[in-house]
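Student: Below are the structure tokens for one structure; questions will follow.
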């Protein structure tokens, strides 16, 4: 079975990226042999449509499943339409995520039936119960979360899977820290550019 894993780096020891459409790499792994191919995600910096383009890229590589931290609704729709299994909540290294999937430690997210679950709910009622659509409640939140339909909310960043030994845990945490430091540098650089 061929799986695509959203990744922060180009190998099996890289950390799983929590964001599918914006991950730096996809590591495509043949689960029976653990042979892999790393593909840079050319749509990661796109202003829009990154999830759709990323989904189309991995589909074109003939994958059977996607392992990631979180999938957006548009990428989920593309993958669902072609029958690619979607597994969210993956963390740790690419190798650990693939092994966890092979051993049943990660479960497939339900697929979305074509044409369902992706609209904005703009029916005839218009949400105008006794409040008349005027926000009569006390809460000021707009409820504009971007979670995928039919899945439980996922944290913004997944913690690494529990390694098998103390030394493996140290190495995993060091790689995780390096990835976070790199992300922090990129954010600081971008903030300086925006000044």
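In this note's numbering, the protein residues as written are 3 to 197.
Ideal Cβ placement from N, Cα and C applies to all residues, glycine included.
Taking residue 95 as the reference, give the member of 51, 57, 176 and 188 with the closest Cα.
Tutor: Minimum Cα distance to residue 95 is reached at 176.
Student: Output needed for residue 53: all residues of its chain with C-beta closer than 7 Å, excluding positions within five of it in sequence on either side, in chain order.
Tutor: Correct list, in chain order: 22, 23, 74, 76 and 77.
Student: So, is residue 71 buried or exposed, given that buried needs 16 or more other C-beta atoms within 10 angstroms?
Tutor: By the neighbour-count rule (16 or more Cβ atoms within 10 Å), residue 71 is buried.
Student: Do you know how far the Cα of residue 57 is from the Cα of residue 80?
Tutor: So the two alpha carbons sit approximately 6 Å from each other.
Student: Can you say whether residue 50 is buried or exposed, counting buried as having 16 or more other CB atoms within 10 angstroms of its CB?
Tutor: The residue is exposed, with fewer than 16 neighbouring Cβ atoms inside 10 Å.
Student: Taking just the CA atoms, how far does residue 63 sit from residue 30?
Tutor: Whole-angstrom Cα-Cα distance: 8 Å.
Student: What is the DSSP secondary structure of residue 89, reduced to helix, strand or coil?
Tutor: Three-state DSSP puts residue 89 in a strand.
Student: Within 10 angstroms of its Cβ, does residue 185 collect 16 or more other Cβ (buried), or is it exposed?
Tutor: The residue in question, residue 185, is exposed, as its Cβ has fewer than 16 Cβ neighbours within 10 Å.
Student: Compute the Euclidean distance between the alpha carbons of residue 192 and residue 16, then round it to the nearest angstrom.
Tutor: Using only the alpha carbons, I get a separation of about 24 Å.
Student: Does residue 42 pass the burial test, meaning 16 or more other C-beta atoms within 10 Å, or should it be called exposed?
Tutor: The residue in question, residue 42, is exposed, as its Cβ has fewer than 16 Cβ neighbours within 10 Å.
Student: Given a cut-off of 9 Å, decide if residue 67 and residue 36 are closer than it, judged by their beta-carbon atoms.
Tutor: No, the pair does not count as a contact, with Cβ atoms beyond the cut-off.
Student: If you compare alpha carbons, which of 194, 14 and 9 is closest to residue 199?
Tutor: Lying before the first or after the last residue shown, residue 199 is absent from the chain, which here runs from 3 to 197.
Student: Taking just the CA atoms, how far does residue 38 sit from residue 9?
Tutor: Approximately 12 Å between the Cα atoms of the pair.
Student: Out of curiosity, what's the CA-to-CA distance linking residue 3 and residue 182?
Tutor: Spanning the two alpha carbons is a distance of roughly 31 Å.
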